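Working notes, structure below.
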Amino acid sequence: MAEVRLTSVGKIYSGAVPAVKDITFSVPDGGFCVLVGPSGCGKSTLLRMIAGLETITMGEIRISDRVVNTVEPMDRDIAMVFQNYALYPHMSVYDNMAYGLRNRKTPEPEISARVAEAARILELEPYLERRPRELSGGQRQRVAMGRAIVRQPQVFLFDEPLSNLDAKLRGAMRVEIKKLQRQLGVTSIYVTHDQLEAMTLADQLVVMNQGVVEQIGEPLSLYERPETVFVAQFIGAPPMNMIDLAPGGGGPKGLDGSSELPVPASGARLGIRPEHLVVDEDGRPVPTRPGDIRLELAVDAVEAVGAETYIHGRLGGDGLMITAREHGKMLLPPGTSRVFTARRENLHLFDAATGRRVDI
Amino acid sequence: MQKRSYFAGRMLPYALLAPQLLVTIVFFYVPAAQAVWQSFLLQDAFGISTEFVWFENYQLLFSDAAYYQAISVTAVFSVLVTVAALSISLLLAVQADKSLRGAGVYKTLLIWPYAVAPVVAGVLWLFMFQPSLGTLARGLRHFGVDWNPYLNSGDALSLVVLAAAWKQISYNFLFFLAGLQSIPKSLIEAAAIDGARPARRFWTIVFPLLSPTAFYLLTVNIVYVFFDTFGIIHAVTHGGPAGATTTLVYKVFNDGRAGGDLGGSAAQSVVLMAIVIALTAVQFRFIERKVNY
Amino acid sequence: MVENRPLANLASHLILIVGVAIVAFPVYLALVASSSDPTTIANGQLGLLPEGHLFENYWKVLFEGTERSTKQPMIVPLFNSLVMALVISIGKISISLISAFAIIYFRFPFRHTAFWVIFLTLMLPVEVRIYPTYKIVADLGLLDTYAGLTIPLIASATATLLFRQFFMTVPDELLEASKIDGAGPWKFFKDTLLPLSMTSVAAMFVIQFIYGWNQYLWPLLITTRDDMQTIVIGIQKMLYVTDALTEWQLAMATTILAMLPPVVVVVAMQKLFVRGLTETEK
Chain A
12 MAEVRLTSVG
22 KIYSGAVPAV
32 KDITFSVPDG
42 GFCVLVGPSG
52 CGKSTLLRMI
62 AGLETITMGE
72 IRISDRVVNT
82 VEPMDRDIAM
92 VFQNYALYPH
102 MSVYDNMAYG
112 LRNRKTPEPE
122 ISARVAEAAR
132 ILELEPYLER
142 RPRELSGGQR
152 QRVAMGRAIV
162 RQPQVFLFDE
172 PLSNLDAKLR
182 GAMRVEIKKL
192 QRQLGVTSIY
202 VTHDQLEAMT
212 LADQLVVMNQ
222 GVVEQIGEPL
232 SLYERPETVF
242 VAQFIGAPPM
252 NMIDLAPGGG
262 GPKGLDGSSE
272 LPVPASGARL
282 GIRPEHLVVD
292 EDGRPVPTRP
302 GDIRLELAVD
312 AVEAVGAETY
322 IHGRLGGDGL
332 MITAREHGKM
342 LLPPGTSRVF
352 TARRENLHLF
362 DAATGRRVDI
Chain B
14 MQKRSYFAGR
24 MLPYALLAPQ
34 LLVTIVFFYV
44 PAAQAVWQSF
54 LLQDAFGIST
64 EFVWFENYQL
74 LFSDAAYYQA
84 ISVTAVFSVL
94 VTVAALSISL
104 LLAVQADKSL
114 RGAGVYKTLL
124 IWPYAVAPVV
134 AGVLWLFMFQ
144 PSLGTLARGL
154 RHFGVDWNPY
164 LNSGDALSLV
174 VLAAAWKQIS
184 YNFLFFLAGL
194 QSIPKSLIEA
204 AAIDGARPAR
214 RFWTIVFPLL
224 SPTAFYLLTV
234 NIVYVFFDTF
244 GIIHAVTHGG
254 PAGATTTLVY
264 KVFNDGRAGG
274 DLGGSAAQSV
284 VLMAIVIALT
294 AVQFRFIERK
304 VNY
Chain C
1327 MVENRPLANL
1337 ASHLILIVGV
1347 AIVAFPVYLA
1357 LVASSSDPTT
1367 IANGQLGLLP
1377 EGHLFENYWK
1387 VLFEGTERST
1397 KQPMIVPLFN
1407 SLVMALVISI
1417 GKISISLISA
1427 FAIIYFRFPF
1437 RHTAFWVIFL
1447 TLMLPVEVRI
1457 YPTYKIVADL
1467 GLLDTYAGLT
1477 IPLIASATAT
1487 LLFRQFFMTV
1497 PDELLEASKI
1507 DGAGPWKFFK
1517 DTLLPLSMTS
1527 VAAMFVIQFI
1537 YGWNQYLWPL
1547 LITTRDDMQT
1557 IVIGIQKMLY
1567 VTDALTEWQL
1577 AMATTILAML
1587 PPVVVVVAMQ
1597 KLFVRGLTET
1607 EK
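Protein chains in written order, with the numbering used here: chain A, 12 to 371; chain B, 14 to 306; chain C, 1327 to 1608.
Spelled out as structure tokens, the structure:
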């Protein structure tokens, strides 16, 4: 059916550095793949290459076994939702959805049936005669979705479709999109720079940085086992703490236990997620096992948000800023010094030279 | 000036450009090139033989007293019309900008002369100042002014200046008003709080902010006087009396119609071309936005 | 303004009223003259109030023509002016739309050259190339034809620049969405770009209609036959009559007729006109 397969795909703008290079992955039929990365990482370019809006200079892209490198966008059997929605401002909501079908000579009764169905699913029925400018941001977004749905394409492409909405609406639409995609079972590729959106939507997450793929996998496996420093710091909020270790395992002042770690000859970076730092309460030390890491932090600031508390402190009193996340309320007075413990199984170690994961 | 996305197509873009380019080349570039070429040629009286004479036509042109007269007429004409049209329209625009009741009505009542052809403007003013029967000419005579634009150079020039300035007021008014309305009201209010009285506010705040508009209008008005006033002069004075209203453009037209001196006429055209290019280059600062690559 | 001073406001109103009066007076006088009879004007007795010959004068000038000068009924030049203004404005808009479309939405060799060739015509007004252009039109056998009157004037750098400017503001995603929706160049132009450009087109139409209607030098050169004249040329021909008095009441009626259509267009489409003017020229 509609599997999307990319093989060594790359693009070089005339004479300049490659925008994307050597990208290989495939999205199974009905899968929901999210391309995530910071702005300028090439994720939108890659999506537009899949859509046929950008030329492909290397490799090949297949949609359900057909090589589409030189196929026109309209003939790839895809639909796309744009960041700014790209609704035709002079057409009604109905005509916006019907336009693509009319261009493909779909019979008019079928068009109205499909538009009616999409309008029902997206709760757009009262607005079919309106112009896009008479709609709210969320409604426009749904029209853009509707335009994609009525086409019944083999692949949906989403280019940051929620980034123009406010936070609350974004959360609600995220759930809608996920539900809709599951219901329709259409292979989808979704671009975002928002790691939360990426984590919640994806079956398969592709993290990109500077035109290359950093890691591909299920969202939680990326969270639990990031293969590179970049992925480790990009996925998860607040971001993972990173502490530089010398070749022998020596760390900065206030760090204890790092010499037990298999630090390579080039040195290493030790990653600890904030939620994995457990504080010694009331001077009662957390029982440690061999290989656990202990950090002594001078508390700088405490942010209590109700269900949890973020503690920002300096390692060894005046060193690196480290963030810890604790359950519940934990009102530590600033200036006090506390010891935090991280379990060996929760540690991430990366080669300082290559940035790649080192097994502990 | 390029979109991120575009259409593929080898011949289609050329086909789309063809009508415009064809007209442009046949009726703009070819004649312009011919004018330049002819300005270097001298034709004998019977039109049988032509000779390449380099800059002789230009030398002749610039040793011709009548040509210098046309230059000075054009210069005086430009200064008078520009000053009159700009100052009157600025005065009116400043009044209309004071968010008075009925500002919109004034605007409508002031902009329509833009639609009046220069020649029509000329005829309207000629009729008022026609020496024997014009309503205003009669008034002048009543006050003992011996007025006759058919015979008196100064009178003739005044008449075409009045007609030309009258027509240009609406255009300048529109741009001044738009310029004034684009000045943030908060600036004026800040100046008022700083203790500047209205007249001082105008000269220290409003006028400097309006100067790009004024400069743009200055060049537009000069171009207007050079080229668009041809109709006024042709209909009202025929360049007379004794060349007192013969501008450079009118002279090209008139000399060429008399026939004969093709090279001289072409040299005049080329000089005009140089003037337009210079004026356009000055204006370019304002058009730049349109051609930003 | 900041102060609210009744006296200053009154002064402003006065200045504006005087301005409006100066602007309107010549036309009012022409209207009065066109309602007058020849002897009143010839004797220099024209007053400031309309007289009773209005209908008679306009009828005569439209359908019978002057007694002296060209004797041409002005309905014909009026029609010629209309044809000229419409062909020029619609022609300019059409060829400028498609040129701007080509320049913005395609990539091809000599694209920049084509743009500059069109752009530089700003520097070549008809006045600087009068006779060579005349000769080309004569050689093509287009003297005294509508084609000769209009085609040489329909190239337009300003309209092309305006549409180019407008197309640049159309989001790229609209083209991309159209491509995915299966629209080729022509369908995109017709279904999306043109409907979006309608305001610019209308604004351009107002400006170019006036431009075409008010052409003077060009029809003066290109037409010799009285029945090919335009209305503004017709006025000029009425003024200079050998051995006879100008029929001022008819000339003034013609003047009013000549300015009525463009003035009506400007007043009726004031918003579009102002927009067209400020956008094309600035």
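Backbone N, C-alpha and C define an ideal beta-carbon position, used for all residues, glycine too.
Keep in mind the model is a prediction, meaning the values are calculated, not measured.
By a beta-carbon distance limit of 8 Å, Asp291 of chain A contacts Val350 of chain A. Their separation comes to about 5 Å. Residue contact check for Arg151 of chain B against chain C: a CB pair falls below 8 Å. Setting aside the 5 residues that flank it on each side, Thr217 of chain B is surrounded in the same chain by Ala204 and Ala209, each with a C-beta closer than 8 Å to its C-beta; the list follows chain order. In terms of beta-carbon proximity, Gly1345 of chain C lines the interface with chain B, with at least one pair separated by less than 8 Å. Shown here for Gln221 of chain A: same chain residues with a beta carbon closer than 7 Å to its own, the five before and five after excluded, namely Cys52 in chain order. If only uninterrupted alpha helix (DSSP H) runs of at least 4 residues are considered, those enclosed by the region 14-85 of chain A are 54-62. Of all residues in the region 1499-1510 of chain C, only Glu1499, Leu1500, Glu1502, Ala1503, Lys1505, Ile1506, Asp1507, Gly1508 and Ala1509 come within less than 7 Å of chain A when Cβ atoms are compared, listed by chain position. The three-state secondary structure of Ala335 of chain A, taken from DSSP, is strand. In the three-state scheme derived from DSSP, where H, G and I count as helix and E and B as strand, Asp110 of chain B is classed as helix.
Look at Leu1340 of chain C: its C-beta is not under 8 Å from any C-beta on chain A. For Val1387 of chain C, not one C-beta of chain B is nearer than 8 Å to its own C-beta. Counting along the chain, the unbroken alpha helix (DSSP H) around Leu230 of chain B starts and ends at Phe220 to Val236. With a 10 Å radius around the Cβ and a threshold of 16 neighbouring Cβ atoms, Glu202 of chain B comes out exposed. Between Asp311 of chain A and Pro273 of chain A, the CB-CB gap reaches or exceeds 8 Å. Note on Ser1362 of chain C: 16 or more other CB atoms within 10 angstroms of its CB, so buried under the neighbour-count rule. Look at the region 1517-1538 of chain C: the residues with a C-beta under 9 Å from a C-beta of chain A are Asp1517, Thr1518, Pro1521, Leu1522 and Met1524. Secondary-structure assignment with DSSP links Leu55 of chain B through a beta bridge to B:Glu64. Taking C-alpha positions only, Val1558 of chain C is separated from Gln150 of chain A by approximately 55 Å. In this structure Thr293 of chain B is in contact with Met1449 of chain C, their Cβ atoms being roughly 5 Å apart against a cut-off of 8 Å.
Using a CB distance cut-off of 8 Å, Val1409 of chain C does not count as an interface residue toward chain B. With contacts defined as CB atoms closer than 8 Å, Glu134 of chain A and Leu173 of chain A fail to qualify as a contacting pair.
Burial state of Gln194 of chain B is exposed, judged by a 10 Å Cβ sphere holding fewer than 16 other Cβ atoms.
The C-beta distance from Ile67 of chain A to Lys22 of chain A rounds to 6 Å, short enough to fall under 8 Å. Thr1486 of chain C is positioned such that its CB atom lies closer than 8 Å to that of Ile1444 of chain C.
The beta-carbon distance between Ala1529 of chain C and Gly1602 of chain C, rounded to whole angstroms, is 3 Å. This is short enough to meet the 8 Å contact definition. When secondary structure is reduced to three states using DSSP, His323 of chain A falls in the strand class. Between Val369 of chain A and Leu358 of chain A, the C-beta spacing is not below 8 Å. Interface with chain B (8 Å Cβ-Cβ cutoff): Trp1574 of chain C is included.
Pairing Glu229 of chain A with Thr239 of chain A, the inter-Cα distance amounts to about 15 Å. At a cut-off of 8 Å between beta carbons, Tyr99 of chain A contacts chain C. Here Val313 of chain A is not near Leu331 of chain A, since their CB atoms are 8 Å or more apart.
If you draw a straight line from the Cα of Lys189 of chain A to the Cα of Ile132 of chain A, it is about 13 Å long. In the DSSP assignment, Phe1427 of chain C falls within the alpha helix (DSSP H) that extends over Ile1401 to Tyr1431. The C-alpha of Leu180 of chain A lies about 47 Å from the C-alpha of Ser224 of chain B. Per DSSP, Asn252 of chain A is one residue of the beta strand (DSSP E) stretching across Asn252 to Leu256. Taking a cut-off of 8 Å on C-beta distances, the region 154-167 of chain B does not touch the region 226-241 of chain B, as fewer than three cross pairs fall below it.
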